[in-house]
Structure formats: C-alpha cells, structure tokens
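To convert, count from 1 in the sequence shown and add 307; that's this note's numbering.
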Amino acid sequence: MKLAKSLKLGTLLCATLMLVTGCQTTTTPTSAIDKRVYCELFPERSYSRHDTEETRRHIVGDNAAKRELCKGV
308 MKLAKSLKLG TLLCATLMLV TGCQTTTTPT SAIDKRVYCE LFPERSYSRH
358 DTEETRRHIV GDNAAKRELC KGV
C-alpha cells in the first residue's frame, strides 16, 4: 500500500514538473535586443574557391536570410 501511494505521489510530482517546465518561455533572436546583438556580432559568411557548389549555395542563402532578418537594425 505504501509503495503504491509513493508511486502515485512520484508520478504526480513528475507530471507537475513536466507541465511547469513546458510553460517556460525562452528568448529567441527575434526580440529587438537579441536581434540587434545577433546582427552586430555575426558578420556575413564567406566561402573560398575550395568550397563545393552546394556549400556556396548554402552560404549565399544564409547571408540572404541574415540580411532580411537584420533590415532596419
């Protein structure tokens, strides 16, 4: 009986902790301050002549996305 009660209590505690941590908010780079910091700290990437065409396409795409994100910052 004590074991069953302990298991129920443990299960309830775990479920409560999962619900509480599931509601936690996180900071994303879309907030104004984080966006500004991101845009200032990380320059556009470059590629070398040794990179593959696929790598170059990824870098060009990443740089275009960063320029769009950082407009007006």
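Built from N, CA and C at the ideal position, the CB exists for glycine as well.
Model, not experiment: these values are computed from the prediction.
A straight line joining the alpha-carbon of glycine 379 with that of phenylalanine 349 spans about 16 Å. Straight-line spacing of the CA atoms in arginine 374 and arginine 356 works out to 23 Å. Ranked by Cα distance from asparagine 370, the first of Glu351, Cys346 and Glu360 is Glu351.
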